[in-house]
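Peer 1: If you want the working numbering, it's the 1-based position in the sequence shown plus 46.
Ideal Cβ positions, reconstructed from N, Cα and C, are used throughout, including at glycine.
Quick caveat: nothing in here was measured; it's all calculated off a predicted structure.
What follows is a structure written as structure tokens; I'll ask about it next.
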Amino acid sequence: MSNLSKLLANKTDLIFESWKEKVRASRYIEISKDLPETALGNSVPKVIEALISVADKTEEEDLETVVKASLEHGSQRAALGFEANEIAGEYRLLRLTIFSTLEPDLLQLSPHELNCSFRRIDAVVDEAISQCFDKFVEDKIQRQEKIRQQLVTNNQELKRLLGYSQDSFSQLAHEIKTPLNSIMGYAQLLQRQQTPQKDEGEARNINNLERVLRSSRQLLQLVNDSLEISRFDAGNSKLQLVSIDVRSVINSAMETIEPLAEDKGLQLENNCDRAPTQVTTDPSRLQQALTNFLSNAVRYTDEGSISVNCEALSDEKWSLIIADTGIGISPEDRDYIFAPFSRAHSSQEREGSTGLGLTIASRLVKLLQGEIELESQEGEGSKFTLTFPQKVRME
Numbered sequence: 047m048s049n050l051s052k053l054l055a056n057k058t059d060l061i062f063e064s065w066k067e068k069v070r071a072s073r074y075i076e077i078s079k080d081l082p083e084t085a086l087g088n089s090v091p092k093v094i095e096a097l098i099s100v101a102d103k104t105e106e107e108d109l110e111t112v113v114k115a116s117l118e119h120g121s122q123r124a125a126l127g128f129e130a131n132e133i134a135g136e137y138r139l140l141r142l143t144i145f146s147t148l149e150p151d152l153l154q155l156s157p158h159e160l161n162c163s164f165r166r167i168d169a170v171v172d173e174a175i176s177q178c179f180d181k182f183v184e185d186k187i188q189r190q191e192k193i194r195q196q197l198v199t200n201n202q203e204l205k206r207l208l209g210y211s212q213d214s215f216s217q218l219a220h221e222i223k224t225p226l227n228s229i230m231g232y233a234q235l236l237q238r239q240q241t242p243q244k245d246e247g248e249a250r251n252i253n254n255l256e257r258v259l260r261s262s263r264q265l266l267q268l269v270n271d272s273l274e275i276s277r278f279d280a281g282n283s284k285l286q287l288v289s290i291d292v293r294s295v296i297n298s299a300m301e302t303i304e305p306l307a308e309d310k311g312l313q314l315e316n317n318c319d320r321a322p323t324q325v326t327t328d329p330s331r332l333q334q335a336l337t338n339f340l341s342n343a344v345r346y347t348d349e350g351s352i353s354v355n356c357e358a359l360s361d362e363k364w365s366l367i368i369a370d371t372g373i374g375i376s377p378e379d380r381d382y383i384f385a386p387f388s389r390a391h392s393s394q395e396r397e398g399s400t401g402l403g404l405t406i407a408s409r410l411v412k413l414l415q416g417e418i419e420l421e422s423q424e425g426e427g428s429k430f431t432l433t434f435p436q437k438v439r440m441e
């Protein structure tokens with residue numbers, strides 16, 4: 047055994063303990079602070095032992111013990127979650143610790159022996175670093191590939207379960223609609239059979255029938271809205287694109303809402319003189335979205351007006367603005383106003399609301415490749431600005 051091998055062998059424990067202290071104290075190797083002693087030491091003693099065994103050898107093939115120990119160290123560090131810079135820091139401190147621990151003894155050697163010792167230690171540590179990094183990167187890639195494959199598998203399973211859930215929900219919804227329609231039919235029949243001259247008992251029966259009808263209509267609307275959301279989530283909503291005069295769609299939507307507005311004494315304003323004469327879109331989807339926005343405006347406006355403004359824009363787009371003088375929406379409620387079953391005014395719930403109207407409207411706007419901008423002031427009203435391309439294109 048040469049002088050260098052003897053020096054390393056005699057001071058292996060001192061080098062190892064000193065190295066652990068330096069690693070623990072290093073601010074560049076944060077992970078070491080939470081590791082137990084066994085995990086921190088890991089295979090480093092084997093690296094030092096390998097260094098001793100090859101300290102006197104010069105042939106490249108004699109580095110096999112260093113290679114083996116370094117590969118093991120790299121694999122273990124990858125398993126512990128080390129970063130590459132932390133492993134580099136470990137080896138940097140190992141090199142410094144070896145030199146500082148052996149310095150008094152190395153200075154007793156001849157200049158030639160001292161030079162050879164320094165070069166040999168550097169060469170072996172450099173080889174250890176290289177092999178350790180190769181194994182570290184290889185293990186990291188393998189682990190990431192396993193995670194990727196697991197994510198793909200999980201995603202496929204989630205899609206399968208989602209499809210199963212949507213199919214089950216659709217089937218359940220249709221099962222609910224059948225008896226619900228029967229209830230509504232019988233209630234309407236009984237309502238028609240009531241005589242014009244009503245006594246107190248008949249009047250009470252009529253009121254009860256009207257309640258049944260109102261509740262049934264609301265439940266039916268909830269089922270239909272839920273089915274619509276399910277179709278959106280499943281990607282089953284398709285567009286039927288045609289070239290239309292958008293004003294005809296706006297007029298139809300406003301005619302649908304007009305009786306509701308009149309019941310509350312609200313004024314409807316149609317300002318569409320600057321609307322584009324022709325746009326390519328899905329008219330039924332557009333009308334459904336506008337009707338939902340208008341219905342929401344009527345529901346949360348007690349007095350004043352609701353206006354619809356439409357105009358062509360300069361960049362091959364057009365806008366549709368629905369404004370009301372209603373109760374407005376608070377800033378904290380605006381972030382989730384389009385979420386399913388959310389109501390910005392939980393303390394002021396209005397009859398007939400399913401909590402899905404704006405959710406469906408927002409998804410229809412997105413389906414029509416449009417965007418929504420909301421401006422609102424509590425107590426003053428809200429304004430929804432919808433911007434669409436003049437030509438919606440199939441994706």
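1. Contact between the stretch 139-147 and the stretch 112-128 is defined here as three or more beta-carbon pairs at a separation below 8 Å; is this criterion met?
2. CA-CA distance, residue 294 and residue 324?
3. Whose C-beta lies closer than 7 Å to the C-beta of residue 333 among residues of the same chain, with five residues either side of it excluded?
4. For the beta strand (DSSP E) holding residue 290, just list the boundary residues, first then last.
5. Considering only their Cβ atoms, is the gap separating residue 132 from residue 77 smaller than 9 Å?
6. Pair every Cβ in the stretch 412-424 with every Cβ in the stretch 346-359, then say whether three or more of these pairs are closer than 8 Å.
7. Quick one: give me the first and last residue of the alpha helix (DSSP H) that residue 442 is part of.
8. Helix or strand or just coil, what does DSSP make of residue 369?
9. Does the distance from the CB of residue 50 to the CB of residue 163 come in under 9 Å?
10. Excluding sequence positions up to five away, which residues of its chain have a Cβ less than 8 Å from the Cβ of residue 54?
11. If we call anything under 9 Å between Cβ atoms a contact, is residue 292 one with residue 327?
12. For residue 366, count neighbouring Cβ atoms within 10 angstroms of its own Cβ and tell me buried if that reaches 16, exposed if not.
13. Report the rounded CA-to-CA distance for residue 309 versus residue 356, giving the unit in angstroms.
14. What's the C-alpha gap between residue 151 and residue 188?
15. Please classify residue 73: does DSSP put it in a helix, a strand, or coil?
16. With three or more C-beta pairs closer than 8 Å as the rule, is the stretch 426-437 touching the stretch 371-379?
17. I need the boundaries of the alpha helix (DSSP H) containing residue 151, first residue and last residue.
18. For the putative contact between residue 303 and residue 344, defined by C-beta atoms under 8 Å, what is the C-beta separation to the nearest angstrom?
19. Have a look at residue 170 and residue 190 and give me their C-alpha separation to the nearest angstrom.
20. Since I believe residue 322 is in contact with residue 415 (beta carbons under 8 Å), could you give me their beta-carbon distance rounded to a whole number of angstroms?
21. Cutting at 6 Å between CB atoms, please list the residues of its own chain near residue 417, excluding the five before and the five after it.
22. Looking only at DSSP bridge pairs, what is residue 358 linked to?
23. Which class does residue 86 belong to by DSSP, given the choice of helix, strand or coil?
24. Locate the alpha helix (DSSP H) running through residue 386, then write down its first and last residues.
25. What do you reckon, is the C-beta of residue 432 under 8 Å from a heavy atom of the ligand SAM?
26. Using a Cβ-Cβ cut-off of 7 Å (strictly less than) and excluding sequence neighbours within five positions of residue 413, which residues of its own chain qualify?
27. Whose CA, out of 136, 120, 312, 381, lies closest to the CA of residue 186?
28. So, is residue 301 buried or exposed, given that buried needs 16 or more other C-beta atoms within 10 angstroms?
29. Quick check on the burial criterion: 16 or more other C-beta atoms within 10 angstroms. Buried or exposed for residue 409?
Peer 2: The structure says:
1. Contact between the stretch 139-147 and the stretch 112-128 is absent, because fewer than three Cβ pairs lie under 8 Å.
2. One C-alpha to the other measures close to 11 Å.
3. If we look at residue 333 and ignore the five residues flanking it on each side, its Cβ neighbours are 295, 298, 299.
4. Residues 288-290.
5. For residue 77 and residue 132, yes; Cβs fall inside 9 Å.
6. Look at the beta carbons and you see the stretch 412-424 not touching the stretch 346-359: under three pairs across the two are nearer than 8 Å.
7. Lying before the first or after the last residue shown, residue 442 is absent from the chain, which here runs from 47 to 441.
8. Three-state result, residue 369: strand.
9. Contact check for residue 50 against residue 163 passes: the beta carbons are separated by less than 9 Å.
10. Here the set comprises 61, 94, 97, 98, 101, 144, 148.
11. It is a contact, given that the beta carbons lie within the stated cut-off.
12. A residue is called buried once 16 or more other Cβ atoms fall within 10 Å of its Cβ, and residue 366 is buried on that count.
13. In a straight line, the C-alpha of residue 309 is about 25 Å away from that of residue 356.
14. Their Cα atoms are separated by approximately 44 Å.
15. Coil at residue 73, not helix or strand.
16. Counting Cβ pairs under 8 Å, three or more are found: they touch.
17. In the DSSP assignment, residue 151 falls within the alpha helix (DSSP H) that extends over 130-152.
18. The Cβ separation is near 6 Å, so the contact holds.
19. Their Cα atoms are separated by approximately 30 Å.
20. Going by Cβ atoms, the distance from residue 415 to residue 322 rounds to 15 Å, so no, they are not a contact pair.
21. Sequence-distant partners of residue 417 (beyond 5 residues in either direction) whose C-beta falls short of 6 Å from its own C-beta, in its chain, are 433.
22. DSSP lists 364 as the beta-bridge partner residues of residue 358.
23. In the three-state DSSP reduction, residue 86 falls in the helix class (H, G or I).
24. If you look at residue 386, you'll find it isn't in any alpha helix (DSSP H); DSSP assigns it neither H nor E.
25. With respect to small molecules bound, the structure shown includes none, and the ligand SAM cannot be examined in it.
26. Spatial neighbours of residue 413 in its own chain (CB-CB distance under 7 Å, excluding positions within 5 residues in sequence) are listed in chain order as 283, 285, 331.
27. Looking at the Cα atoms, 120 is the closest of the given residues.
28. Residue 301 comes out exposed.
29. Buried.
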